[in-house]
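To keep things clear, I will list the structure first and then write my remarks on it.
Residue numbers (the numbering used here): 756 to 1056.
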């Protein structure tokens, strides 16, 4: 991936020198190779810190929310899932397309730095080869959807033939079995909100879970409050999840959050589709469940 790194630096240097952007978003190397982290270059002198390696897994599109109220022109490197996040932000009116210069990278798949930390900690058995991150094994679009420049040869989607296999297994359970399944996994939740913070689709300025008057969800990690949190958040993701898988990857208690998201993806596609969130950008277009008309049928009420 050295060639990609050099190309990114070349583009960033050009954009900053020409004044086309004020900030260029990419990744930098941490103390260890697997500690790649988001990096924002503001000067040409900073460009040499930019890298792209097999641990550049973070979805940079989420960081654009920090700049949504400004006027800075922003250059940003995106993989397939990152670019779907940008489409998500454009559809939500969170940022304007003319403020962005998008450098797309055809993604060969990333490794999970969190797994690498475990492998190198000495506290866990070291895997022979951790391979690609779990979320990358089910990638339906490794190539950027929207970009101004593209780096690398286009990649083939890695999703298996049975994309919703686990979802169907849950659907085939009885009601009691499903309840027990979700009660077991939600009981682990410590409500750290990492899944919310890392999600580009969670872009409300004031989150319902931060409200105190009224307080919609208690601060306790009781099973009822945990159920409330995850079900409300999941309903907000319906038609909006871009399947970047960051929510599940950063969960400290390993809740299979993408199983819930995939159920909603499957149902939205069935009832409102064919539809895949963030796969096409059409200016002014809104995803399912994101618009309202007074003459919408309401016979279900």
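Idealized CB from N, CA, C, for every residue including glycine.
Since the model is a prediction, treat every value here as computed from it, not as a measurement.
May I ask you to report which of helix, strand or coil DSSP gives residue i?
i, result
"residue 983", "helix"
"residue 892", "helix"
"residue 1027", "helix"
"residue 964", "helix"
"residue 1013", "helix"
"residue 1044", "coil"
"residue 793", "strand"
"residue 850", "coil"
"residue 776", "coil"
"residue 841", "helix"
"residue 902", "coil"
"residue 812", "coil"
"residue 934", "helix"
"residue 1036", "coil"
Within 10 angstroms of its Cβ, does residue i collect 16 or more other Cβ (buried), or is it exposed?
i, result
"residue 761", "exposed"
"residue 897", "buried"
"residue 1029", "exposed"
"residue 990", "exposed"
"residue 926", "exposed"
"residue 954", "buried"
"residue 1041", "exposed"
"residue 995", "buried"
"residue 902", "buried"
"residue 798", "exposed"
"residue 857", "buried"
"residue 967", "exposed"
In chain order, what residues of the same chain have a beta carbon less than 6 angstroms from the beta carbon of residue i, not counting five sequence neighbours either side?
i, result
"residue 1013", "1000 and 1003"
"residue 946", "976"
"residue 875", "none"
"residue 787", "none"
"residue 855", "829"
"residue 849", "823 and 958"
Could you check whether residue j and residue i sit closer than 7 angstroms to each other, using their CB atoms as the reference points?
i, j, result
"residue 851", "residue 922", "no"
"residue 1033", "residue 842", "yes"
"residue 871", "residue 789", "yes"
"residue 940", "residue 1015", "no"
"residue 796", "residue 811", "no"
"residue 979", "residue 899", "no"
Output needed for residue i: all residues of its chain with C-beta closer than 8 angstroms, excluding positions within five of it in sequence on either side, in chain order.
i, result
"residue 928", "936"
"residue 826", "854"
"residue 993", "1019, 1022, 1023, 1043 and 1044"
"residue 948", "964"
Kindly list the residues whose CB is nearer than 7 angstroms to the CB of residue i, restricted to its own chain and excluding five residues on each side of it in sequence; keep chain order.
i, result
"residue 914", "893, 894 and 895"
"residue 1066", "No information on residue 1066 is available, as it lies outside the stretch 756 to 1056 that the chain covers here."
"residue 818", "780 and 793"
"residue 766", "858 and 904"
"residue 938", "978"
Measuring CB atoms only, is the stretch 779-786 touching the stretch 798-813, in the sense that at least three cross pairs come out at less than 8 angstroms?
Enough Cβ pairs lie closer than 8 angstroms, so yes.
With three or more beta-carbon pairs closer than 8 angstroms as the criterion, would you say the stretch 856-865 touches the stretch 930-948?
Between the stretch 856-865 and the stretch 930-948, the count of Cβ pairs shorter than 8 angstroms is below three; the stretches do not touch.
Okay, do the stretch 820-834 and the stretch 890-906 touch, 3+ Cβ pairs below 8 angstroms being the bar?
These segments touch.
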